[in-house]
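Right under this line is the structure:
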């Protein structure tokens, strides 16, 4: 019975992943920028590390800029404008400045793993606490408590899987492949999370 339910949920996930509504084309901008800037920076800089850092920082800045409005709107519901400005500056330009100052590509790659670990930890705390506040704020369509709990658990697994994927690419892939992965990550993540959300909704609330 349990195995049949798991198999059904996996089949739903794959089906929903294949049949997604059109994505926002802006999410592909970081990948396009990297495909153009990485070869250009390799020509401009003799040092491959400098070329990698330049391409990464440019793509990261674009990703942060594309998410700026969303972050401000979400935080604006529960925080003051001064606090929002401080958080945005620390988590945006502050992180970029630190990575530029360090100047090592491996720190850029490991920063992504650290981000996924933090997200997995936050959702794990939500699971332990039972409040599922992060899911409630980001996925309001999950109205049943058991659906929110299942989504929190699934997100812990999702982000730990992303850590494993990123570390595998760091160990096995060359910088070009990793940068392409980084550029496509917003689009990939959106597709995976949407399919995961719809799977949980269908499984626990009977809503496709």
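In the numbering used here, the protein residues as written are 11 to 218.
Cβ coordinates follow ideal geometry from the N, Cα and C atoms, glycine included.
Problem - Close-in-space but distant-in-sequence residues of the same chain around residue 159 (CB under 8 Å, 5 per side omitted) - result: Correct list, in chain order: 137, 140, 142.
Exercise for the section: Pick helix, strand or coil for residue 154, following the three-state DSSP scheme. Expected result: Shown here, residue 154 sits in coil according to DSSP, grouped into three states, outside any helix or strand.
Exercise for the section: Measure the C-alpha to C-alpha separation of residue 47 and residue 157 and round it to an integer number of angstroms. Expected result: Their backbone Cα atoms lie some 42 Å apart in a straight line.
Practice task
Report yes or no: do the segment 166 to 179 and the segment 120 to 134 share at least 3 C-beta pairs separated by less than 8 Å?
Solution key: At 8 Å Cβ cutoff, the stretches touch.
Practice task
If I'm right that residue 192 touches residue 69 with Cβ under 8 Å, what's the distance once you round it to whole angstroms?
Solution key: That pair is a contact at about 7 Å.
Handout entry: Among 188, 166, 201, nearest to residue 66 - alpha-carbon criterion
Key = For the residues 188, 166, 201, the minimum Cα distance to residue 66 belongs to 188.
Problem - Counted within 10 angstroms of its Cβ, other Cβ atoms place residue 154 as buried (16 or more) or exposed - result: Exposed.
Handout entry: Through-space distance from residue 133 to residue 150, alpha-carbon basis
Key = Those two C-alpha atoms are separated by around 16 Å.
Practice task
Specify the secondary structure class of residue 220 as computed by DSSP and reduced to three states.
Solution key: The structure shown does not extend to residue 220, since the chain spans only 11 to 218, so no value can be given for it.
Problem - Extent of the continuous alpha helix (DSSP H) run through residue 132 - result: Taken as a continuous stretch (DSSP letters only), the alpha helix (DSSP H) holding residue 132 covers 115 to 139.
Handout entry: Distance, residue 128 Cα to residue 148 Cα
Key = A straight-line Cα-Cα distance of about 17 Å links residue 148 and residue 128.
Exercise for the section: Please state whether DSSP places residue 55 in a helix, a strand or coil. Expected result: Secondary structure of residue 55 (DSSP, three-state): coil.
Problem - Whether residue 40 touches residue 196 by CB criterion (9 Å) - result: Residue 40 places its beta carbon less than 9 Å from that of residue 196.
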